[in-house]
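First comes the structure, then the notes that go with it.
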Amino acid sequence: MSSQILAQKERKLFSELLQAYEQKQLSKGRKIADQILKKHPQHGETMCMKGLVMVHLGEREAGISLIKDGMRKDLQSHICWHVWALVQKGEHNYEEALKSYTMALKIDKDNFNIIRETSILQTHTRQFDVLLESRIHMLRLRPYSRVHWIGVALAYKLAGNTAEARRYLDHMEDFLRNVPPRDTEYGELVFFHVRVLEELGEFQEALTLLDKKAKDRMLVDRPAIAECRARLFGKLKSAADADNAQREEWTEAAEQSWTELIDQNPDNQDYYKGFLANAGIDLDSLTDESRTKALGILEEFSSRHPKTNTYRRLALKIAEGDKFKELVKPYLERALEKGIPSIFSDVKNLYTDPSKLQSIQDIVEDIRLSVSPNDQVQPSTSADPTYYLWTLYFLAQHYSSLGRYEKALEILHSAMEHTPTLPELYMTKARVLKRAGDSYGAVRAMEEARKLDGQDRYVNTKSGKYRLRAGMINEADEVLTLFTKKGVPANIDLLDMQALHYLTEVGDTHRRLKGYPLALKMYYAIQKLFHNFREEQYDFHLYSLRRSMLGSYVAMLGWEDDLHSHPAYIHAAVWTARIWILLYDDPSIIKSLHPPEPSGEMSKKALNKAKKAARKATADTSQDYDDASSQKVRAKQNEDKGLEAPTGKDDDPEGLKLVSADDPLEQASKVLGSLGEFGKDDIDVNATMFDVAIRQKKYLKAARELRRAHARDPHHPEVHVRIVQLARTVASVSDVPEPVKSVLDASVAGLKPVEVSLEVFNSQYLQRHSLSASGILASAKVSQMLDTPREEVENLLFTTLTDGVQLRLEDALEILSYLSTIQSPRADEFRIACDARFTLSKVFKSEEEQAVLRRQCIDPRDENEVETVF
Amino acid sequence: MASSVSPALPGRVSFASLTHQNIGTVRKLNSVLFPVKYSDKYYQDILQTEVEPFFYYNDVPIGNICCRLENKELYLTTLGVLAPYRSRKLGSQALQRIIEAASLHNKPQIKRISLHVQVSNGDAKRFYESHGFSEAGIHKNYYKKITPQDAWILEKIIEHGPEQ
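Going line by line, the protein sequences match chains A and B.
The working numbering numbers the first residue of the first sequence as 2 and each following residue consecutively.
The working numbering numbers the first residue of the second sequence as 4 and each following residue consecutively.
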């Protein structure tokens with residue numbers, strides 16, 4: 002307890018102060034605190050409370066410094082430590098806050114509020130072992146409340162002790178009385194209990210509990226009951242110790258549940274899969290017999306649910322050969338005749354099977370012939386013109402997905418001649434052009450679609466994206482303003498709305514345009530969003546338990562733990578690291594980013610003006626907010642600002658400070674470290690980690706990452722280049738102590754046979770991959786590393802243009818960029834050759850030509866509407 | 004897409020009104036259907052009229068019928084259907100709709116619908132005649148940039164029932 006004793010009158014005042022704070026009467030609290038401090042100017046707890054009130058009132062710095070002073074006066078007070086923990090929590094410094102709470106608990110060990118706060122922080126920081134102690138402590142203090150029993154069970158479950166969780170749940174089941182029927186919170190608890198039993202393999206008991214509670218009308222969620230039963234019967238069946246009669250009974254019961262589920266929602270594919278699995282059909286390893294059986298079962302649903310397509314779609318996945326053709330034909334005909342625009346994206350994942358791809362192509366080509374307009378036929382008997390139209394639309398997407406861009410465009414043009422008013426045709430044209438390397442034509446085509454229907458969200462979003470792909474950032478924001486708040490710049494509002502796809506595209510665009518500071522800023526903004534997602538779970542720790550939303554809550558914790566496996570996060574992290582590496586390798590990039598001092602009077606003025614405009618654009622909103630809030634402060638002195646540390650204004654809108662960090666490799670390593678184990682199966686991540694580690698001279702780490710990548714794909718071009726890099730580095734370093742050196746040697750030996758020289762290793766690789774452009778590029782990079790004359794390296798790279806070599810557009814771009822990295826005089830020659838090779842593309846045009854194309858692609862004038870007659 | 008979408012049935016016709024957002028569709032239709040080009044003011048005027056000017060076949064925009072109100076007359080500026088969708092009585096349905104709308108129109112009551120047809124276009128004239136239009140004269144040199152330059156003036160007098 003506190004070492005400082007107050008007189009009786011002040012003691013009363015102090016409890017009034019605590020009350021005032023609880024009720025958020027901040028000014029009143031401050032007055033009371035001043036009153037106490039007049040008498041006892043050194044009273045630590047009062048100083049802390051006054052400081053806390055001041056932080057709430059927005060006097061953050063003065064408040065915190067007063068709290069620190071107060072703590073020094075009275076380290077024996079739990080109140081002081083509690084106040085300090087609140088401030089740290091407000092700064093999201095959870096580990097430290099937890100320590101302060103622990104100190105407070107040492108002094109006042111049964112303080113329930115503090116234990117509860119502690120338990121929340123322990124959950125948030127995933128310290129389940131100590132969480133368990135807190136939960137048990139809470140139960141001991143308040144054993145008559147259901148929620149604390151659940152709290153202990155949940156903590157055991159989170160700590161991995163499911164058996165003990167079950168013991169508490171069983172016990173609770175025994176003593177709970179008078180629960181009204183259809184109480185959803187109790188129902189959730191029952192489902193949690195069932196889940197726990199299921200995880201322990203107690204399927205029969207789980208089922209008994211579920212059925213009893215369902216019968217007692219305790220459970221509201223009927224589909225959940227049926228799903229649960231179906232699943233449990235399935236598991237009972239596969240348990241070893243059942244006899245045949247029992248098995249049969251369970252199979253029947255499960256079938257009944259699956260049927261019930263399908264009848265309730267015939268569009269859920271999982272239910273059909275469950276039904277089939279129950280019938281003993283393993284969809285992942287089908288035999289001829291089980292295939293026929295599965296198709297037979299699915300066919301039976303057509304009388305039961307004739308309007309649903311879900312089982313028909315599943316049947317397409319299962320069927321093969323003639324049976325597939327027989328099933329897919331009516332499926333396609335029906336969709337195309339009805340004019341279902343999404344039919345192509347519906348069936349395209351069947352294309353992983355080349356024979357299915359061919360069947361679909363043949364069938365739709367046949368449809369095209371049979372429904373194409375024919376002058377001899379009477380219109381009343383001929384097919385609907387829209388049938389023909391959607392067939393062409395399908396075929397265009399089909400050929401585009403196969404990389405046959407000319408053919409796709411040809412089909413689209415005949416469709417446009419037939420019906421020039423269908424926006425989908427222009428959107429698909431845009432996509433084809435984008436894939437073929439003409440981002441400017443893509444923007445133009447998307448603009449045509451927009452003119453036909455300016456309020457289609459999908460078109461507008463795509464239009465923004467395509468403009469970014471064409472490097473037109475401002476023009477993209479112009480379209481996207483349609484979606485954002487009025488009066489706020491689109492980019493700021495889209496950040497507020499956490500539009501990941503937008504931020505990713507903008508980051509990528511800046512990067513492609515070599516605007517590294519802004520690219521980094523965007524990638525970091527993306528990482529910050531994920532950090533916010535993590536923060537946002539905080540409020541749920543208390544809430545979910547209180548409302549016993551246990552199933553969804555446990556699932557959410559798992560989701561939060563996997564956040565960094567999100568592709569957008571990995572993408573942002575990898576590119577952040579790559580940019581740092583780039584800046585480390587070539588520090589002159591940063592120097593060139595700071596514009597030289599302008600000499601003339603005019604240019605200085607112009608520069609200032611531009612700066613002002615840029616500041617205005619980024620700061621406008623925060624300015625507005627600031628103005629508004631300062632006005633409010635004047636009106637309402639008593640307003641609570643909370644404990645959150647205010648976010649400062651962006652004082653680095655161009656990202657120039659950011660890129661000037663003096664430890665780029667450290668930064669890169671930190672970002673990649675945040676991926677934890679999530680990136681370990683991703684060759685891009687492994688390769689980037691390798692690149693950072695080898696520059697940091699952390700050879701063991703580099704070797705480990707390379708081994709991981711090698712295990713996934715030993716022939717990957719990025720792996721090949723790095724094997725040679727590692728071998729050369731290991732051979733040349735001298736400052737590595739012995740045990741490490743032998744580990745490294747062993748690593749290299751595992752990646753490349755010791756007896757083979759690097760030159761031979763490289764030529765063997767080239768022989769193996771002489772028909773793949775990316776393989777040739779990897780081999781050329783290694784040659785360059787091994788000091789082969791540049792002419793030879795160039796000649797090798799030019800072989801990618803010969804017939805028979807598979808050269809994709811992205812390979813060609815990479816080769817071109819590599820040629821300019823090694824300052825090859827033949828880079829332009831390669832560019833021109835690619836321009837001729839990729840006929841539709843515009844990426845291989847010169848800078849000047851591309852500038853013209855960019856200007857033209859959203860020219861507001863329309864050729865169709867100049868002259869006037871009426 | 005069409006604002007009034009009903010469950011898909013083959014050969015379904017629906018109508019939609021004109022907005023700033025979809026006016027590009029009308030422009031596109033006019034550019035392929037008619038040999039003349041229209042001014043921005045023309046489009047501004049049709050934005051003002053209340054009739055739904057373009058129509059869909061199976062949710063695809065395939066034709067338009069535009070008119071403007073001049074005093075107590077409705078003047079039909081364009082009626083056209085994309086080639087693959089003709090001979091399905093779609094134009095008739097659209098015209099019939101306009102005639103009905105005109106006869107129900109109050110304040111002002113519409114007395115007459117009129118339009119111009121190029122004198123070389125006998126098919127179009129017969130089409131309108133089958134819907135109760137009749138020739139009211141010839142407008143010499145009506146067209147400035149296409150030949151023949153003369154146009155028939157066709158009209159239909161609207162019968163109104165007793166005031167309700």
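All C-beta atoms, glycine included, are put in the ideal place defined by N, C-alpha and C.
Because the structure is a prediction, the values reported are computed rather than measured.
Spatial neighbours of A/T619 in its chain, beta-carbon cut-off 8 Å, leaving aside the 5 residues before and after = Its pLDDT being 48, under 50, A/T619 is placed unreliably by the model, and nothing is read from it.
Does the separation of the CB atoms of A/H721 and A/A779 fall below 7 Å?
-> yes
Answer with yes or no whether the minimum CB distance from A/D454 to chain B is below 7 Å.
-> With 7 Å as the cut-off, A/D454 counts as an interface residue toward chain B.
How would you list, in chain order, the residues of chain A whose beta-carbon sits under 8 Å from the beta-carbon of B/T52?
-> Simply none; closest approach about 14 Å.
Counted within 10 angstroms of its Cβ, other Cβ atoms place A/E719 as buried (16 or more) or exposed = By the neighbour-count criterion, in which 16 or more other beta carbons inside 10 Å mark a residue as buried, A/E719 falls on the buried side.
Do A/A409 and A/Y441 have their C-beta atoms within less than 7 Å of each other?
-> no
Look at the Cβ atom of A/G455, then the Cβ atom of B/Q152, and state whether they are nearer than 7 Å.
-> Their beta carbons are not under 7 Å apart, which means A/G455 does not touch B/Q152 by this criterion.
Specify the secondary structure class of A/F831 as computed by DSSP and reduced to three states.
-> In this structure, A/F831 counts as helix in the three-state DSSP scheme.
Exposure of A/P754, with buried meaning 16 or more beta-carbon neighbours within 10 Å = exposed
Per DSSP, the bridge partner or partners of B/W155 | B/V120 and B/I141
Are the Cβ atoms of A/L328 and A/A316 separated by less than 7 Å?
-> yes
Which value, in whole angstroms, describes the spacing of the CA atoms of A/I151 and A/A574?
-> 39 Å
Kindly provide the ranges of any alpha helix (DSSP H) runs that are 4 or more residues long and lie completely inside the segment 357–440 of chain A, ordered along the chain.
-> 386–402, 406–419 and 424–436, all fully within the segment 357–440 of chain A.
What residues from chain B crowd round A/L390, counting only those whose CB sits closer than 7 Å?
-> V63
Of all Cβ atoms in chain B, is any one closer than 7 Å to the Cβ of A/C858?
-> no
How many angstroms separate the CA atom of B/A105 from the CA atom of B/Y41?
-> 24 Å
Contact between the segment 674–683 of chain A and the segment 558–566 of chain A (3+ Cβ pairs under 8 Å) | yes
Chain B within 7 Å of A/T422, Cβ atoms only | yes
Whole-angstrom C-beta distance between B/L21 and B/I65, which should lie under 8 Å = Their Cβ separation, rounded to whole angstroms, is 15 Å, which puts B/I65 and B/L21 out of contact at 8 Å.
With 7 Å as the limit, tell me which residues of the segment 384–415 of chain A have their beta carbon closer than that to any beta carbon of chain B; keep them in chain order.
-> D385, P386, T387 and L390
Please determine if the segment 548–557 of chain A and the segment 185–198 of chain A are in contact, where contact requires at least 3 C-beta pairs separated by less than 8 Å.
-> yes
Starting from B/Q99, find everything on chain A with Cβ-Cβ shorter than 8 Å and list it in chain order.
-> Correct list: empty, because the minimum Cβ distance to chain A is about 19 Å.
Inspect the beta-carbon positions of A/E506 and A/L481 and report whether they are closer than 7 Å.
-> No.
Got a sec, what are the start and stop residues for the alpha helix (DSSP H) A/S593 sits in?
-> A/S593 -> alpha helix (DSSP H) spans S589 to L594.
Just the chain B side, please: which residues come within less than 9 Å of A/P374 by C-beta, in chain order?
-> Simply A86 and P87.
At least one CB of chain B closer than 7 Å to the CB of A/G465: is that the case?
-> Under the Cβ distance rule, A/G465 does not count among the residues neighbouring chain B, no pair being separated by less than 7 Å.
Taking C-alpha atoms, which residue in A/P374, A/A246, A/R314 and A/E256 lies nearest to A/N269?
-> A/R314
Regarding A/A154 and the ligand GTP, is the C-beta to nearest heavy atom distance less than 6 Å?
-> Judged by which ligands are present, the structure shown has none, so any question about the ligand GTP falls away.
Between the Cα of A/K658 and the Cα atoms of A/A240, A/G91, A/Y517 and A/R723, which residue gives the shortest distance?
-> A/Y517
With a cut-off of 8 Å on the beta carbons, I'd call A/L198 and A/E206 a contact; round off their distance for me.
-> The pair is a contact, with the Cβ atoms about 5 Å apart (cut-off 8 Å).
Note down, in chain order, every chain B residue with its Cβ under 7 Å from the Cβ of A/H306.
-> Going along chain B, no residue has its Cβ under 7 Å from A/H306, so there is no contact; the nearest lies around 17 Å.
Neighbourhood of A/D621 by C-beta distance below 6 Å, restricted to the same chain and skipping five residues each side = Note that A/D621 scores a pLDDT of 45, beneath 50, so its modelled location is shaky; the value from the coordinates is reported in the next line. Hits under 6 Å: none found.
Cβ neighbours of A/T47 in the same chain (closer than 6 Å, five flanking residues each side left out) | Within the same chain, A/T47 has close Cβ partners A34, I37 and L38.
What first and last residue would you give for the alpha helix (DSSP H) that runs through B/T81?
-> From DSSP, B/T81 is part of no alpha helix (DSSP H) but of the beta strand (DSSP E) over E76 to V84.
How big is the Cα-Cα spacing for A/A243 and A/E203?
-> 14 Å
Per DSSP, what kind of secondary structure is A/Q824 in: helix, strand or coil?
-> coil
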